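Position in the sequence shown (from 1) plus 38 gives the number in our numbering. Ideal placement from N, C-alpha and C gives every residue a C-beta, glycine not left out. Since this is a predicted model, take the numbers as computed values, not measurements. Notes follow once the structure below has been shown.
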Amino acid sequence: MLIEFSIGNYRSFKDKVTFSMVAAKIKAKDPKVDDNNTFAVDNELTLLKSAAIYGANASGKSNLAKAISYMKWFMINSSKETQSTEKIGVEPFRLSTDTETQPSFFEIVFLLDAKKYRYGFEATQERVISEWLFYVPNKRETRLFEREFEESTDTFNISKTFKGGGIDSKTRHNALFLSVAAQFNVEIAENILNWLTRKLQIISGLDNMDYLDYTVRGLAQDNDNREEIIQLIKKLDLGISEITVDEIEIKLDSLPLPENTSEELKKMIVKSGVLKQTLINTVRQKFDSQGNQISLESFYLDYQESEGTQKIVSIAGLLVDTLRNGNILIFDEFDARLHPLISKAIVEIFNSQETNYNNAQLIFMTHDTNLLSNKIFRRDQIWFTEKTKYGATDLYSLVEYPIRNDASFESDYIKGKYGAIPFIGDLSQMFGNPDA
Numbered sequence: 039m040l041i042e043f044s045i046g047n048y049r050s051f052k053d054k055v056t057f058s059m060v061a062a063k064i065k066a067k068d069p070k071v072d073d074n075n076t077f078a079v080d081n082e083l084t085l086l087k088s089a090a091i092y093g094a095n096a097s098g099k100s101n102l103a104k105a106i107s108y109m110k111w112f113m114i115n116s117s118k119e120t121q122s123t124e125k126i127g128v129e130p131f132r133l134s135t136d137t138e139t140q141p142s143f144f145e146i147v148f149l150l151d152a153k154k155y156r157y158g159f160e161a162t163q164e165r166v167i168s169e170w171l172f173y174v175p176n177k178r179e180t181r182l183f184e185r186e187f188e189e190s191t192d193t194f195n196i197s198k199t200f201k202g203g204g205i206d207s208k209t210r211h212n213a214l215f216l217s218v219a220a221q222f223n224v225e226i227a228e229n230i231l232n233w234l235t236r237k238l239q240i241i242s243g244l245d246n247m248d249y250l251d252y253t254v255r256g257l258a259q260d261n262d263n264r265e266e267i268i269q270l271i272k273k274l275d276l277g278i279s280e281i282t283v284d285e286i287e288i289k290l291d292s293l294p295l296p297e298n299t300s301e302e303l304k305k306m307i308v309k310s311g312v313l314k315q316t317l318i319n320t321v322r323q324k325f326d327s328q329g330n331q332i333s334l335e336s337f338y339l340d341y342q343e344s345e346g347t348q349k350i351v352s353i354a355g356l357l358v359d360t361l362r363n364g365n366i367l368i369f370d371e372f373d374a375r376l377h378p379l380i381s382k383a384i385v386e387i388f389n390s391q392e393t394n395y396n397n398a399q400l401i402f403m404t405h406d407t408n409l410l411s412n413k414i415f416r417r418d419q420i421w422f423t424e425k426t427k428y429g430a431t432d433l434y435s436l437v438e439y440p441i442r443n444d445a446s447f448e449s450d451y452i453k454g455k456y457g458a459i460p461f462i463g464d465l466s467q468m469f470g471n472p473d474a
């Protein structure tokens with residue numbers, strides 16, 4: 039389970055932003071919203087099942103998703119997919135002289151095997167400046183390791199529990215110790231990176247085909263996953279009766295090649311043999327002039343269906359996988375190509391004890407104000423991003439505002455009561471007739 043994450047330019051930076059899935063101690067007007075939208079980890083910790091992040095264009099919503107995505111990639115891959123001469127892919131905040139030379143800060147707090155972990159690092163493009171991992175085995179937070187770059191050298195403080203002694207000397211300046219430790223089979227490090235790989239997914243609603251594999255794999259299996267994917271697609275009212283998956287083989291040596299193709303390349307193509315391509319087909323009912331169903335018609339998803347249908351089919355497998363396994367899904371541009379009622383239906387699947395019995399978590403960035411309702415969300419589930427006058431992103435929750443639970447969240451947001459909206463200048467004179 040995800041508890042919170044923080045990003046910024048360095049640990050003491052006052053404008054570091056922190057996003058939390060910890061439920062605030064508030065009383066919702068509708069008990070159903072409160073009971074459905076939260077789940078208790080223990081007597082002291084209650085988490086949210088979903089959260090929505092709103093904000094004007096260029097306010098930093100997508101950058102949050104990108105920062106978490108990069109953090110995940112760097113944690114998993116820095117020890118094996120980077121070279122000692124490569125720069126680290128962080129970017130300092132360049133609109134302030136205080137931060138343009140300072141390291142970037144990343145931290146994530148999560149639950150793994152019923153224990154709370156806090157992991158983070160600071161890095162410039164040249165090197166990792168600091169790194170830390172703590173956990174709570176019982177009641178008190180305990181250090182597993184800390185790493186600091188001081189006086190031109192890395193200093194490591196590694197606990198016996200972590201069992202990573204001697205690996206520090208094998209850690210490059212531009213790689214994370216956690217990533218290296220996992221490569222050397224340190225169990226805690228392996229478990230954390232396995233959790234990160236399996237449990238946390240970050241996607242964008244603008245890239246439909248990037249996660250279509252989840253749907254393809256689910257449909258190829260004759261089990262509950264396949265049936266749930268098909269039922270989800272049917273219930274979202276796309277007029278689809280069935281989904282089929284075909285795998286076709288293309289002989290590469292039979293493909294037409296340009297006249298200037300070299301003989302060496304032709305030999306490589308022939309040697310490669312066969313290319314397998316997976317096609318998803320949607321099946322719809324066909325009717326005669328009297329409205330009687332007479333047959334079924336098949337369509338290629340990629341070429342003959344709308345972009346909205348392509349997106350729904352693409353995310354269906356990922357949604358089912360997330361819910362069934364109690365995973366975490368961070369969804370940028372959530373509402374892109376989706377009708378507001380479909381967006382609402384997906385959110386309600388997560389905010390439900392019946393359909394989200396494994397306590398999966400959905401965090402999404404959106405402009406869809408139809409979801410800003412106390413019938414859908416508690417106040418602590420609604421977040422906003424807003425650019426400060428200095429160009430930095432400010433991230434804050436609706437729970438910080440002293441408002442009634444029955445207030446019209448959508449209306450008040452559009453009116454600007456919570457900020458995080460664009461302030462548009464007077465456009466009336468921009469395109470006036472110069473001869474008038």
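Counted within 10 angstroms of its Cβ, other Cβ atoms place residue i as buried (16 or more) or exposed
| i | result |
| --- | --- |
| A96 | exposed |
| F43 | buried |
| Y338 | exposed |
| V174 | exposed |
| K237 | buried |
| R185 | buried |
| P378 | exposed |
| T423 | buried |
| Y456 | buried |
| G204 | exposed |
| S336 | exposed |
| G329 | exposed |
| E540 | The chain is shown only over 39 to 474; residue 540 falls outside these bounds and no answer can be derived. |
| R416 | buried |
| M468 | exposed |
| M475 | Shown here, the chain extends from 39 to 474; a query on residue 475 therefore has no answer. |
| I368 | buried |
| G355 | buried |
| D275 | exposed |
| A152 | exposed |
Nonlocal neighbours in the same chain, by C-beta distance under 6 angstroms from residue i, ignoring five residues either side
| i | result |
| --- | --- |
| M109 | F144 |
| N363 | none |
| I387 | T393 |
| A213 | S116, S117 |
| N389 | N74, N75, K87, S88 |
| A94 | I459, P460 |
| S122 | R210 |
| A374 | G243, L244 |
Option nearest residue i by Cα separation, candidates the options
| i | options | result |
| --- | --- | --- |
| S207 | K198, S217, F194 | F194 |
| I230 | I114, E285, D262, I267 | I114 |
| E285 | L257, E392, N47, P460 | L257 |
| L5 | L234, I420, K153, L150 | Only positions 39 to 474 of the chain appear in the structure, and residue 5 is not among them; the question remains open. |
| D370 | I91, S190, D151 | I91 |
| I441 | S58, G277, A152, I64 | I64 |
| R255 | S352, Q391, F461, L244 | S352 |
| V79 | F415, N396, M403 | N396 |
| A477 | L171, L83, E160, Q331 | The structure shown does not extend to residue 477, since the chain is modelled only from 39 to 474, so the question has no answer here. |
| G202 | L182, Y439, I281, G329 | L182 |
| I267 | K104, K153, S142, L357 | L357 |
| A430 | K54, L250, A374, K177 | K54 |
| G158 | W170, S333, D245, T347 | W170 |
| L243 | I452, Y451, E345 | In the sequence under discussion, the amino acid at residue 243 is Gly, which differs from the Leu named in the question. Of I452, Y451, E345, the residue nearest in Cα terms is E345. |
| K349 | M247, L361, L234, Y252 | M247 |
| V321 | N365, I271, L361 | I271 |
| T139 | Q399, K453, N232, E160 | E160 |
| N232 | T56, L149, L433, D450 | L149 |
| L234 | V437, I146, K153 | I146 |
| K382 | I414, I241, G454 | I414 |
| R178 | Q342, R156, S168 | R156 |
Residues near residue i in its chain [Cβ-Cβ closer than 7 angstroms; skip 5 each side]
| i | result |
| --- | --- |
| Q163 | K125, I126, V128 |
| F112 | L214 |
| L250 | S352 |
| Y252 | G355, L356, D359 |
Neighbourhood of residue i by C-beta distance below 8 angstroms, restricted to the same chain and skipping five residues each side
| i | result |
| --- | --- |
| E265 | none |
| L317 | V283, D284, E285, I286, Y338, L339, D340 |
Minimum Cβ-Cβ distance from residue i to chain D less than 7 angstroms
| i | result |
| --- | --- |
| K125 | In the structure shown, chain D does not exist; there is a single protein chain. |
_Would the stretch 184-199 count as touching the stretch 91-107 if we require 3 or more Cβ pairs under 8 angstroms?_
no
*Just list the alpha helix (DSSP H) runs in the stretch 374-414, keeping only unbroken ones of 4 residues or longer that don't cross its boundaries, in chain order.*
Here the runs fully enclosed are 378-388.
*asked:* Can you confirm whether the stretch 210-230 touches the stretch 321-331 when touching is taken to mean that 3 or more C-beta pairs between the two stretches lie within less than 8 angstroms?
replied: no
*Residue ranges of each beta strand (DSSP E) within the stretch 427-462, 3 or longer*: 431-435
*asked:* In chain order, what are the residue ranges of uninterrupted alpha helix (DSSP H) at least 4 long that sit wholly in the stretch 85-116?
replied: 99-115
_Inside the stretch 145-209 only - beta strand (DSSP E) runs reaching at least 3 residues_ = 153-161, 166-174, 180-188, 191-196
*Quick one: complete beta strand (DSSP E) runs, 3+ long, within the stretch 252-289?*
For the stretch 252-289, whole beta strand (DSSP E) runs of length 3 or above, ordered along the chain, are 280-289.
*At which residue ranges does the stretch 331-357 contain complete alpha helix (DSSP H) runs of 4 or more residues, listed in the order of the chain?*
339-342
*Which runs of the beta strand (DSSP E) spanning at least 3 residues fall entirely within the stretch 225-249, listed in chain order?*
238-242
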